Ligand SMILES: Cc1cc2nc3c(=O)[nH]c(=O)nc-3n(C[C@H](O)[C@H](O)[C@H](O)COP(=O)(O)OP(=O)(O)OC[C@H]3O[C@@H](n4cnc5c(N)ncnc54)[C@H](O)[C@@H]3O)c2cc1C
């Protein structure tokens, strides 16, 4: 069924009885051409792009929980293409272009809203860094405007401009950046993949990877063994555990990132605002809640919940930047498991096992990557060669030291990015 204004009107007038489930719930077959482990944003997008472009393949997504239960449904929904380094900048630029046509491609309302992002800066040195980043963004073909203090004040009058420690000097303004409804992105890709014949199998945990003479043969799951010619691992915070099933030790540390939402308020915040010096970023959801987050919890963990010291740190930063937030009531908070790579950039690559592929290392910025990651991972799996915009996301850069992409310039350490 296609969604359209006519369909919504018709269903509204006839008791909404005609809507169908967005995807089937099939039992797994004994064999597929391609298995994708992980039904998060990246896994579903990969399956969608594989099925859309390589139509003759039998494809399954195996998800140990439910669709949208992982980071794809837990993030703060920020979508942007404001990267600095070659390798990252063309990839995220490609991703933003795919975002801009995603709703049409999927025939699904992902509530993608290009409301603009302002990255604040608070010193002359930071202004220089913002100007250099802005130039890189423009050179890449994306948009960036360097705003001075008064330019920011016109857009965000409610900030504390004269904070003694972090006075606002200006901002890098990225107008095409914004937000999207995270669950809808997962559901849209799941529906699109299902419509193209992909079997999406929920509550199916992969417990082992079958390898014979260096060639992948299939997987062991909580629903029994399934054979496959090719297998893609796309499990975000569980990357180390799943890769270990293939005898791999990947350079990923898993760390919790928390997010917070207030009660619903009248429109007060039109854009996305980031306050890097305080580790704080915020936007307002379409329901009215102020959605915000900060730094990771700093210790390795597989728990999908955070701890109070980080909560205190984030709220402290919020109050520093926009004291008005003190009047809002915090409704709830939650956490997701980040797959932190040493240089803060991702991996989309083959492994030492023939037919086994790895997609991981999205740190806390993988939501905006969902369309391009799926496109590029599908390309790699189908053609056995990297997509041109993802060819720098090689796993061996951590072994050889060549091609490290330390976007933040903080050194090769997982929890500093
Ligand atoms: C609080 C928070 C805020 C964030 N904010 C942003 C943001 O504003 N912008 C941005 O770009 N990014 C953001 N991110 C990061 C982004 O959400 C992630 O990088 C991205 O979603 C990770 O990829 P994914 O969607 O595929 O992960 P997931 O949704 O976690 O998918 C991985 C899936 O693999 C499944 N799985 C694991 N092990 C197995 C197994 N053995 N067998 C089968 N399935 C398995 C899991 O159940 C899970 O569903 C944020 C993340 C969090 C937690």
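Residue numbers (our numbering): 3 to 419. The C-beta atom is built at its ideal place from N, Cα and C for all residues, glycine as well. Being a predicted model, the structure only gives us computed values, none of them experimental.
Residue i beta carbon near ligand 1 (any heavy atom closer than 8 Å)
i: residue 207; result: yes
i: residue 104; result: no
i: residue 99; result: no
i: residue 340; result: yes
i: residue 421; result: Limits of the chain in this structure are 3 at one end and 419 at the other, which puts residue 421 out of reach.
i: residue 243; result: yes
i: residue 44; result: yes
i: residue 188; result: yes
i: residue 420; result: A query on residue 420 cannot be resolved here, the shown segment of the chain reaching from 3 to 419 and no further.
i: residue 151; result: no
i: residue 65; result: yes
i: residue 261; result: yes
i: residue 233; result: no
i: residue 350; result: no
i: residue 57; result: no
i: residue 34; result: no
i: residue 118; result: no
i: residue 366; result: yes
i: residue 336; result: yes
i: residue 282; result: no
i: residue 79; result: yes
i: residue 84; result: no
i: residue 184; result: yes
i: residue 277; result: no
i: residue 137; result: no
i: residue 370; result: yes
i: residue 236; result: yes
i: residue 307; result: no
i: residue 74; result: yes
i: residue 295; result: yes
Bridge-paired residues (DSSP) for residue i
i: residue 341; result: 256
i: residue 223; result: 208
i: residue 285; result: 293
i: residue 203; result: 64
i: residue 36; result: 61 and 232
i: residue 173; result: 122 and 149
i: residue 334; result: 263
i: residue 13; result: Note: residue 13 sits in no beta bridge, so no partner.
i: residue 316; result: None, per the DSSP bridge assignment.
i: residue 181; result: 80 and 115
i: residue 418; result: Looking at the DSSP assignment, residue 418 forms no beta bridge with any residue, so it has no partner.
i: residue 302; result: 257
Cβ of residue i within 9 Å of any chain D Cβ
i: residue 119; result: Annotation note: the requested chain D is absent from the structure, which comprises a single protein chain.
The stretch 45-57 in contact with the stretch 194-206 per 3-pair CB rule at 8 Å: yes
The stretch 341-354 / the stretch 375-390 touching (three or more Cβ pairs under 8 Å): Touching, yes.
The stretch 214-225 contacting the stretch 73-85, beta-carbon criterion three pairs below 8 Å: no
Three-pair Cβ contact test at 8 Å for the stretch 58-73 versus the stretch 84-94: When C-beta atoms of the stretch 58-73 are compared with those of the stretch 84-94, fewer than three pairs fall below 8 Å, so the two segments do not count as touching.
The stretch 68-76 in contact with the stretch 37-45 per 3-pair CB rule at 8 Å: They touch, by the three-pair rule.
Any 3 or more C-beta pairs closer than 8 Å across the stretch 230-242 and the stretch 318-337: no
Validate contact between the stretch 238-250 and the stretch 380-390 using beta carbons, cut 8 Å, 3 pairs: Short answer: they don't touch.
Sufficient close CB pairs (3 or more, under 8 Å) joining the stretch 172-186 to the stretch 335-349: no
Three or more C-beta pairs below 8 Å linking the stretch 151-164 and the stretch 94-114: no
At least three beta-carbon pairs within less than 8 Å, the stretch 111-128 to the stretch 181-193: yes
Contact the stretch 244-261 vs the stretch 355-373: 3+ CB pairs below 8 Å: yes
At least three beta-carbon pairs within less than 8 Å, the stretch 244-263 to the stretch 301-320: Segments in contact, yes.
Given 8 Å, three or more beta-carbon pairs between the stretch 116-129 and the stretch 167-176: yes
Residue ranges of each alpha helix (DSSP H) within the stretch 96-165, 4 or longer: 126-141 and 151-157
Secondary structure, alpha helix (DSSP H): runs of 4+ residues fully inside the stretch 352-411: 372-385 and 399-402
Segment contact flag, the stretch 201-215 with the stretch 24-37, C-beta cutoff 8 Å, min 3 pairs: yes
Meets three-Cβ-pair contact criterion under 8 Å: the stretch 142-162 and the stretch 288-304: Counting C-beta pairs closer than 8 Å gives fewer than three between the stretch 142-162 and the stretch 288-304, which falls short of the contact rule.
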